[in-house]
Every structure is written in structure tokens, then in C-alpha cells.
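Below is one structure; the comments refer to it alone.
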Amino acid sequence: VIDKTIERYQTALKTPTIGPAKGLDANMQNLKDETADLRKKIELLEVSERMLMGESLDSCSKEELQQLEQQLEQSLKNIRARKIKLFEEQIDHLKQQEEHLMKENAELKKRVDSEQHSINFINFV
Numbered sequence: 025v026i027d028k029t030i031e032r033y034q035t036a037l038k039t040p041t042i043g044p045a046k047g048l049d050a051n052m053q054n055l056k057d058e059t060a061d062l063r064k065k066i067e068l069l070e071v072s073e074r075m076l077m078g079e080s081l082d083s084c085s086k087e088e089l090q091q092l093e094q095q096l097e098q099s100l101k102n103i104r105a106r107k108i109k110l111f112e113e114q115i116d117h118l119k120q121q122e123e124h125l126m127k128e129n130a131e132l133k134k135r136v137d138s139e140q141h142s143i144n145f146i147n148f149v
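Under this note's numbering, the first residue of the sequence shown carries the number 25, and numbering increases by one thereafter.
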């Protein structure tokens, strides 16, 4: 949104107008209006954030509180689903690692048995 505003401002500066003062005044008014709209949106987002954090709930109606609760429950479901997915991925990785280590352990055991057999043979001779 801010990028669009800057782009329009730069475009307005480049386009010839009937009178430079009129074009700048109109552009300034547009920028002021857009700034006011952005401030309102920011304010609404801040209020929404405070509500989601459990602050400033005194002015909320029963319906607003129920809607907020539903939003939070859905957010928790999404968070838990993501957490479960990460745990499943970690479990899969650990199983692969376990399988690799078991193969490596079996190979090492074979080598130890072979070395032990060689030592026993040398001692026998």
C-alpha cells in the first residue's frame, strides 16, 4: 500500500498539470487521505492484536468474545497440526538415523568377531 502511494506520488510529480500548484495540492490531499486511511487500518490492527493477546476485552460484546474464542481455537488447531507434523518429520529422521547406526553397529560387530577369531587362531598356533 505504501509502495503504491509513493509510486502515485512520483507519477504525479512527473505528469504535467494545468498548474503546478493545483496538481501538488490535489496530490497532497490524496496523500493525506491515504495516510489517514492507513492510520485507521493500523489502529484497527493494533486493537485486533491486543484482543488476540487478551487485552482490552472490556468493551467486547458476547458475540465478539465468541468470535475471538473461535479464532483462537482455530489458531491453536493450526499450531498443533504444524507441531505434530514437525514431530513426525523428526521421528522419521531419527528412525533413519537409528537404522543407519544399527547397520554400522552390525558391521563393527562383524569386524570385532573377525579380529577376535584371528587372535584366537594366532594364540592357538
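Backbone N, C-alpha and C fix where the C-beta goes; we use that ideal spot for every residue, glycine too.
None of the values given here were measured: they were computed from a predicted structure.
Under the three-state DSSP convention, the category residue i falls into
i: M77; result: coil
i: S142; result: helix
i: Q116; result: The identity of residue 116 in the sequence shown is Asp, whereas the question assumes Gln. Residue state, collapsed to three classes: helix.
i: S85; result: coil
Residue i, buried or exposed, once every other Cβ within 10 Å from all chains shown has been counted against 16
i: M52; result: exposed
i: M126; result: exposed
Cβ pair residue i, residue j closer than 9 Å
i: L69; j: I26; result: no
i: L55; j: L76; result: no
i: T29; j: E58; result: yes
Evaluate the contact criterion for the stretch 77-88 versus the stretch 98-115: three or more CB pairs, one atom per stretch, below 8 Å.
no
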